[in-house]
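Asks: Position 503 of the first sequence, counting from 1, maps to 893 under our numbering, and the rest follow consecutively.
Note that the Cβ used here is the ideal one computed from N, Cα and C, for glycine as well.
Quick one: the structure is below, and I'll ask about it shortly.
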Amino acid sequence: MEDASHNDLSAEEAELYRIRHSLAHVLAQAVLELRPGTTLGFGPPIADGFYYDFVLSEPLTEAELPELEKKMKHIIKRGQKFEREDLPAQEAFRLIGEDMQEPYKLEYARELVEKNGLETLSFYKNGPFLDMCEGPHVDSTRQLPAGAFKLRSIAGAYWRGNSDNVQMTRIYAWAYKTPEELQARIKEHKLALANDHKKLGRDLDIFHIDDEIGKGLPLWLPNGTVIRDELEKLARELEFKDGYERVVTPQLAKVGLYYRTGHLPYYANGMFPFLELKERHEVEGGEVEEVVEQYALKPMNCPHHHKIFAARPRSYRDLPLRLAEYGNCYRYEESGALSGLLRVRGMCMNDAHIYCTEEQIGDEFKKVMDLHRRVYEILGLQDNYWMRLSTWDPDDPKGKDKYVDMPEAWEASTRHIRAAMDEIGMPYREVKGEGAFYGPKIDVQFRTVTGREETASTNQLDFCVPARLGLVYTNANDEEVHPWVLHRAPLGTHERFVAFLIEHYGGAFPTWLAPEQVRVMPVAAPFAGYAQKLVDELRSDFVRARPDLSADTLNKRIRTAQTSKIPNTLVVGEREEQDGSVTLRRYGSREQESMPFEEFRARLRKAIATRAMVLD
RNA sequence: GCCCAGAUAGCUCAGUCGGUAGAGCAGCGGUUUCGUAAACCGCAGGUCGCAGGUUCAAGUCCUGUUCUGGGCUCCA
391 MEDASHNDLS AEEAELYRIR HSLAHVLAQA VLELRPGTTL GFGPPIADGF
441 YYDFVLSEPL TEAELPELEK KMKHIIKRGQ KFEREDLPAQ EAFRLIGEDM
491 QEPYKLEYAR ELVEKNGLET LSFYKNGPFL DMCEGPHVDS TRQLPAGAFK
541 LRSIAGAYWR GNSDNVQMTR IYAWAYKTPE ELQARIKEHK LALANDHKKL
591 GRDLDIFHID DEIGKGLPLW LPNGTVIRDE LEKLARELEF KDGYERVVTP
641 QLAKVGLYYR TGHLPYYANG MFPFLELKER HEVEGGEVEE VVEQYALKPM
691 NCPHHHKIFA ARPRSYRDLP LRLAEYGNCY RYEESGALSG LLRVRGMCMN
741 DAHIYCTEEQ IGDEFKKVMD LHRRVYEILG LQDNYWMRLS TWDPDDPKGK
791 DKYVDMPEAW EASTRHIRAA MDEIGMPYRE VKGEGAFYGP KIDVQFRTVT
841 GREETASTNQ LDFCVPARLG LVYTNANDEE VHPWVLHRAP LGTHERFVAF
891 LIEHYGGAFP TWLAPEQVRV MPVAAPFAGY AQKLVDELRS DFVRARPDLS
941 ADTLNKRIRT AQTSKIPNTL VVGEREEQDG SVTLRRYGSR EQESMPFEEF
991 RARLRKAIAT RAMVLD
């Protein structure tokens, strides 16, 4: 969720901000009535409403949300005035700490005074409810639209987003100016859920997750595998044209490798526990077991690719060297983070590493971004994503653990990326503290149907690991120099990318990607032979075609084809068999179009070869 | 990992006060079926996530556990 900052809002947005912010206070007031002794955290407006965090005296369940809503509506009706009062710091501390007994608010108040240099703190009081708050608020609770908000869910949230802190209970709410806007949001939410990749993944037989295999370890069903294969084929073609060479590396490596690259110990909690090979030794008085080798499931492909780079002496003439692999990786994600295909423990990454000189970085970075642009264009992804320049945060207190301590290199590499992005004319937003430990990157961020933001693709600049691994090439002056490395994955991982595509297309894939591209159905049994013949012809073109010879009525079979979101349905009967034609019905359209089979075949071939979004 | 909530047939869901399990769709069988979103009849399908406990009796109550969902942290 994004916090809405109040500073640069239009008048319209500012009013909504006041409403949401004020409703948050009303919610807190209602919670205090229902659970006296509750202490307060933060309660800001967010993109579609607001939330408030509490440390509750007694747990609250979602079943109690309607009761809270009712209390809020009573408060609104009472028309409590919001009154502001500014107090000098010391007086404010006393009020919050002693009178209000709000330890978390007090912590924040001290921070505002001590770190941000505030001299006074502002408070808002409405009815019996007093809260330290910057405001602004509406004048009276009566101005709040009682029918335009809805308490949505209860969630856990750490105080100040830090898992070392106490976990609070967060109540999320939708809030708008009018009941119509709220209803529209609720409707939109329901529609979005219909496109949820977990639902469609099951309905369309794309993937399955089985307890006995393990959580976060999806099984790809035949339909899902087709989609993966097509994406891989696309990547192979584009990467071939851009001068990549394909490699294959094992799923395991000895643990020592990751210490050398620097992934360990920092990344240890992101890896599966190691596999240990043991040997028994006779000693006096018995036997001891000794671990002789430790292997890790690879959490990323880069160390393996680096070893390929290091396997031969490299000259500047070999650069840029571009090594590509759809590589399987395993990461030990926290169980609570796992979600369908979006967040998994086993994944297959559209990975490649580009080894180049510092002079080549700009061009290589731009080429990767251009490859990225082509991929997104082919897939018809236009505006539901944004690019994030993820950099380090030198002020992060944990920065020493999070980023390699090479300030000049961070600055230089970030400049390289900015320059490349500006030259290629791609808009991006710079965000501190999201960089990899070894360098800055461009991440492509998208939102899932449920509103969560995820990274789909990434292009990372690494100025650090090659030196750690001692990777060198010989330059024109016969000196050994560390290469720079780009880690890039325009198609991300199959898991997350396919999840993204399922939701983006609502399960209705373009013909080239669709698991079943053409379904052929005879209007009645006597034409089954003709239908089968067409299927055979199409399959000889490597088209994924299937006949529907079931005993269902034509209406039923059409319906089945449509709910299965098959892009092209051919209906054939006496007329078609007579003149060797087909009648085409496309997914989502009620119109039909008759044409000679050979014409359909040619159009289909073209659509697939060009990866067209629709059949011309 | 943590907080909250769930888990009943392949899917979507019902199951009252604790009294021994139900529907629709999908599947299977049969009948029917010649033109674009659900023909008709029948059959089968369940250790009610799993393990304990309370009880004469547990899908229902209690405890533990596994998994899922919504969040937080983390992240492709």
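To which residues of the same chain is residue 632 closer than 8 Å at the C-beta, ignoring the five residues directly before and after it?
Replies: 712, 757 and 761
Asks: From the DSSP output, in three-state form, read off residue 403 for me.
Replies: helix
Asks: Measuring alpha carbon to alpha carbon, tell me which residue in 872, 858 and 824 is nearest residue 850.
Replies: 824
Asks: Considering only residues of the same chain and omitting the five flanking positions on each side of residue 542, which have a CB-CB separation below 6 Å?
Replies: 562, 563 and 564
Asks: Would a C-beta distance cut-off of 9 Å place residue 600 and residue 594 closer than the cut-off?
Replies: no
Asks: Between the stretch 461-471 and the stretch 418-437, do at least 3 Cβ pairs fall closer than 8 Å?
Replies: They touch, by the three-pair rule.
Asks: Using CA coordinates, which residue listed in 644, 586, 767 and 935 is at the minimum distance from residue 688?
Replies: 644
Asks: For my contact list, residue 710 and residue 744 are in at a C-beta cut-off of 8 Å; report their separation, rounded to the angstrom.
Replies: Confirmed, about 5 Å.
Asks: Can you name the start and end residues of the alpha helix (DSSP H) that residue 699 belongs to?
Replies: Its alpha helix (DSSP H) spans residues 692-700.
Asks: Give every residue of the same chain whose Cβ lies closer than 7 Å to the Cβ of residue 979, excluding the five residues on either side of it in the sequence, and list them in chain order.
Replies: none
Asks: Whole angstroms is fine: what's the gap from residue 685's alpha carbon to residue 604's?
Replies: 20 Å
Asks: Compute the beta-carbon to beta-carbon distance between residue 495 and residue 430, rounded to the nearest angstrom, for a pair I have assumed lies under 8 Å.
Replies: Separation of the CB atoms of residue 495 and residue 430 is rounded to 6 Å, and the pair is thereby assigned contact status at 8 Å.
Asks: My assumption, with CB atoms under 8 Å, is that residue 585 sits in contact with residue 905. Please give the rounded CB distance.
Replies: The Cβ separation is near 17 Å, so there is no contact.
Asks: Would you call residue 832 buried or exposed, if buried means 16 or more other Cβ atoms sit within 10 Å of its Cβ?
Replies: buried
Asks: Is the stretch 957-973 touching the stretch 898-917, taking contact as three or more C-beta pairs under 8 Å?
Replies: Contact between the stretch 957-973 and the stretch 898-917 is present, because at least three Cβ pairs lie under 8 Å.
Asks: Per DSSP, which one or two residues make a beta bridge with residue 711?
Replies: 745
Asks: In whole angstroms, what is the alpha-carbon distance linking residue 943 and residue 917?
Replies: 14 Å
Asks: Could you work out which residue in 664, 691 and 674 is closest to residue 681 when comparing CA atoms only?
Replies: 664
Asks: Please list the segments of the alpha helix (DSSP H) lying wholly inside the stretch 632-707, counting only runs of 4 or more residues, in order along the chain.
Replies: 645-651 and 692-700
Asks: So, with DSSP's three-state summary, where would you put residue 391?
Replies: In this prediction, residue 391 has a pLDDT of 33, which is less than 50 and means its spatial position is unreliable; what the coordinates show is noted afterwards. Correct three-state label for residue 391: coil.
Asks: Quick one: grab the DSSP three-state call for residue 591.
Replies: helix
Asks: Distance check for residue 580 and residue 518, CA to CA, integer angstroms please.
Replies: 37 Å
Asks: Return the first residue and the last residue of the beta strand (DSSP E) that residue 546 is part of.
Replies: 539-548
Asks: Taking DSSP as the reference, what is the three-state secondary structure of residue 534?
Replies: coil
Asks: May I ask you to report which of helix, strand or coil DSSP gives residue 932?
Replies: If DSSP states are grouped into helix, strand and coil, residue 932 belongs with coil.
Asks: Let me know the alpha helix (DSSP H) ranges lying completely inside the stretch 782-847, each 4 residues or longer, listed in chain order.
Replies: 789-792 and 797-814
Asks: Give the DSSP-derived three-state secondary structure of residue 1001 in the structure shown.
Replies: coil
Asks: Over what stretch of residues does the alpha helix (DSSP H) that includes residue 755 continue unbroken?
Replies: 751-768
Asks: Can you look up residue 607 in the DSSP assignment and give me helix, strand or coil?
Replies: coil
Asks: Let me check one thing: in DSSP terms, what residues is residue 471 bridge-paired to?
Replies: 530
Asks: Going by DSSP, what residue range makes up the alpha helix (DSSP H) through residue 966?
Replies: 964-969
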